[in-house]
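Residue numbers (the numbering used here), protein chains in the order written: chain X, 284 to 679; chain U, 284 to 679.
Beta carbons are placed, not taken as given, at the ideal position from N, Cα and C, and that holds for glycine.
Inspection log for the structure reproduced underneath, given as structure tokens.
Listed below in structure tokens is the structure:
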């Protein structure tokens, strides 16, 4: 009754990770987490490991292609010049894949965080054919994998981002309402076996992409494309919930007497701050794009500005609930919201802070996302590389 | 950018826990988590450790008073009779302390989960004197500690449950609105030094108490006393959020045009389903108690039944948001809601499932809490003992 887990696996001595492997991970982490290159002596000082141990482990990480050595620099004191260590470029790579409503694509990142290659195919995938699209995405990914392997890079795996409810345990997609997909097992359709592919919700992977930038360790992420998605990041880790379905902020109640939502309930956030609702309230034509809305807002047009106020108040109300329930002090606005940030940030911040019980003690900060249009692809590739660094012994 | 933590401590080789200490923990966990007594051979089979290693570690846990041996039972096959191992009674104990609106108290639990002693003082602590009450509670706790130590039990520490915003890092109480307390450091006021005392929100500790019973590993907990409190438990662990302020469901928006709440916002859940709002809507006299409301409901009185419907719809709406945001498939209703369960459960379940996006794939279960009136005290004592089992080497 007092212990943390009743699962039988927790009783099995975790001897897979020997002390040596754990130390390998510590050394790799020290170099990867450092904003500046480290010497072996720096790594020893940071990890508390003996210099000789560090040297052996660094040699293994360099030989295995996870780290690389820069030109030696003269030491401040007498002695051998220090050899700066940095993550190795173009050795081990991770792939981020995505199908969204108006594009599909793939990005390849290396351990330095650089984009090795990226391909995006634009389209209109509302009510689309899952088999055809995933087959097409699989072919695109296969060509990137082939090109990486031709250049002697090792592909660690892939993440597939989908705009819907994905079971974190099985990778099954329950439903992606805007794609019109339901109850499919996406991984076999990609045909990438034996490369491991893990499926996740696109908003959650987009949130991970923010970790490459200057973001606090804990934040809530909310993004609007066609639907509204959300994610919880605590201590640089995604909080997925029990089945991977956390963050569905698009269906938080704004007004119990509000308009009927596609989900069957009334007054959901999507009906006030979703892209379609926003464009409609702003009086934009059916084929208008976000850039057109931004232009109308810059021109000071009345209906678009009023629509933004309604959306901001609703978004702030839902985010206030979100903060009251999960207690995270920073909110990052992504997707369409990042583009519309100048007309959202202050209003949203006021509405959130009005509702959050703890706001008088710690006001909630609202900021725009930094990871750009294909954040979910970037975040997916980053997750693959995070797995590599969590168990570097598998790769060296 | 790809690793899980940027905190410098994570770079330090975690050598405090030697392999031997980790194995000690595995052995202790195996016995504590087992519904039936285990033999040394059972423990070896469950942990994957060698028989001889298990025997040495068990001897240490028995000598240290964490485990105890029952009378040997004849083995099914030839050989020495097996000695069943169980948690030791009345050796190491944890203390749960609480100040709430109408009582303060302390409970002492031993490693078997049995109550060694419990004391509760009833009172009216609305807008009370924090120094006086915490001093009184400290004296009560000190007398329990003295009595335990006289009986040769070791007191591992205490948890203090308070109905307010508690910083998980520092243990400071930001505000407990119904007590009228603000910005205090409660631990020194108890005067229990050198016993370690950790402060936490009462709803969160009440949720922990459910883990002693037959509850799924992940659940949302919501409780009404004077205020409404909540907690998130995932995989038998409290999810506290960034500062320990998660679960403030009492201030989720039910209706943006609803009544003004004490927190300054409009239409908060507390204004529909808080105890005061409920009693008022039910037309109960000012000095009425929950038992009176339950009696009126059993008698089929119209106003109380209508009040319950309003409360259930509001509670279901807020819990629907909670589930959409954190994805946990079971909701446990505690405090006043556990007492009013027959008039809440079905209505709340319908309202939640109407709002949860994933409900068609996995309906949300609603159930009553099992841990009784002083759940936060029980949960607090359990948390102390969970810490003991997380590091048994400190105790043997």
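Contact with chain U by residue i, beta-carbon distance below 8 Å
| i | result |
| --- | --- |
| residue 479 (chain X) | no |
| residue 553 (chain X) | no |
| residue 292 (chain X) | With a pLDDT of 45 at residue 292 (chain X), under the threshold of 50, the modelled position of this residue cannot be trusted; read the value that follows with caution. Not closer than 8 Å to any Cβ of chain U, the Cβ of residue 292 (chain X) fails to qualify, so no. |
| residue 607 (chain X) | yes |
| residue 611 (chain X) | yes |
| residue 517 (chain X) | yes |
| residue 289 (chain X) | With a pLDDT of only 47 at residue 289 (chain X), under the threshold of 50, the placement of this residue in the model should not be trusted; the figure read from the coordinates follows. Taking Cβ atoms only, chain U reaches closer than 8 Å to residue 289 (chain X), which makes this a yes. |
| residue 644 (chain X) | yes |
| residue 299 (chain X) | Interpretation of residue 299 (chain X) is limited by its pLDDT of 43, a score under 50 that renders its predicted location unreliable; the figure taken from the coordinates is listed afterwards. No, residue 299 (chain X) does not count as interfacial toward chain U. |
| residue 559 (chain X) | no |
| residue 569 (chain X) | no |
| residue 385 (chain X) | no |
| residue 427 (chain X) | no |
| residue 343 (chain X) | no |
| residue 641 (chain X) | yes |
| residue 353 (chain X) | no |
| residue 349 (chain X) | no |
| residue 475 (chain X) | no |
Cβ of residue i within 8 Å of any chain X Cβ
| i | result |
| --- | --- |
| residue 678 (chain U) | no |
| residue 591 (chain U) | no |
| residue 501 (chain U) | yes |
| residue 408 (chain U) | no |
| residue 546 (chain U) | yes |
| residue 675 (chain U) | no |
| residue 600 (chain U) | yes |
| residue 669 (chain U) | yes |
| residue 638 (chain U) | yes |
| residue 604 (chain U) | yes |
| residue 588 (chain U) | no |
| residue 380 (chain U) | no |
Cβ separation of residue i and residue j, assumed to be a contact under 8 Å, to the nearest whole Å
| i | j | result |
| --- | --- | --- |
| residue 352 (chain X) | residue 675 (chain X) | Not really, about 16 Å apart at Cβ, beyond 8 Å. |
| residue 604 (chain U) | residue 535 (chain U) | 6 Å |
| residue 564 (chain X) | residue 511 (chain X) | Not really, about 15 Å apart at Cβ, beyond 8 Å. |
| residue 527 (chain X) | residue 484 (chain X) | 7 Å |
| residue 637 (chain X) | residue 525 (chain U) | With a Cβ gap of about 20 Å, residue 637 (chain X) and residue 525 (chain U) do not count as contacting. |
| residue 335 (chain X) | residue 376 (chain X) | With a Cβ gap of about 32 Å, residue 335 (chain X) and residue 376 (chain X) do not count as contacting. |
| residue 344 (chain X) | residue 311 (chain X) | 6 Å |
| residue 414 (chain U) | residue 449 (chain U) | Not really, about 17 Å apart at Cβ, beyond 8 Å. |
| residue 285 (chain U) | residue 669 (chain X) | 4 Å |
| residue 237 (chain U) | residue 445 (chain U) | The question about residue 237 (chain U) has no answer here: the residues shown for chain U are numbered 284 through 679. |
| residue 371 (chain U) | residue 349 (chain U) | 6 Å |
| residue 592 (chain X) | residue 553 (chain X) | Not a contact, Cβ separation roughly 17 Å. |
| residue 619 (chain X) | residue 508 (chain X) | 7 Å |
| residue 496 (chain U) | residue 654 (chain U) | 7 Å |
| residue 341 (chain X) | residue 368 (chain X) | 6 Å |
Heavy atom of the ligand GTP within 7 Å of residue i beta-carbon
| i | result |
| --- | --- |
| residue 480 (chain U) | Among the ligands in the structure shown, none appear at all, so the ligand GTP cannot be discussed. |
Identified DSSP bridge partners for residue i
| i | result |
| --- | --- |
| residue 485 (chain X) | For residue 485 (chain X), which the question treats as bridged, DSSP gives no partner whatsoever. |
| residue 464 (chain X) | X:459 |
| residue 498 (chain U) | Answer is none; residue 498 (chain U) lacks a bridge partner. |
| residue 511 (chain X) | X:507 |
| residue 549 (chain U) | U:543 |
| residue 352 (chain X) | X:368 |
| residue 315 (chain X) | In the DSSP output, where bridge partners are listed per residue, residue 315 (chain X) has none listed. |
| residue 521 (chain U) | U:516 |
| residue 377 (chain U) | U:392, U:440 |
| residue 382 (chain X) | X:387 |
| residue 321 (chain U) | U:368 |
| residue 341 (chain U) | Looking at the DSSP assignment, residue 341 (chain U) forms no beta bridge with any residue, so it has no partner. |
| residue 536 (chain X) | X:551 |
| residue 480 (chain X) | X:441 |
- Item | alpha helix (DSSP H) segments (min. 4 residues) lying fully within the segment 591-657 of chain X | 619-622, 628-638
- Task: Would you list, in sequence order, the uninterrupted alpha helix (DSSP H) runs of no fewer than 4 residues that lie entirely inside the segment 385-461 of chain U?
- Result: As far as the segment 385-461 of chain U is concerned, its whole alpha helix (DSSP H) runs of at least 4 residues are 413-433.
- Message: Output needed in chain order: residues of the segment 522-541 of chain U with a Cβ under 9 Å from some Cβ in chain X.
- Response: 522, 523, 524, 525, 526, 527, 528, 529, 530, 531, 532, 533, 534, 535, 536, 537, 538, 539, 540
- Task: Please list the residues of the segment 448-469 of chain X that have a C-beta atom closer than 7 Å to any C-beta atom in chain U, keeping them in chain order.
- Result: 448, 457
- Message: Give me the subset of the segment 647-665 of chain U whose CB atoms are less than 8 Å from a CB atom of chain X, sorted by chain position.
- Response: 665
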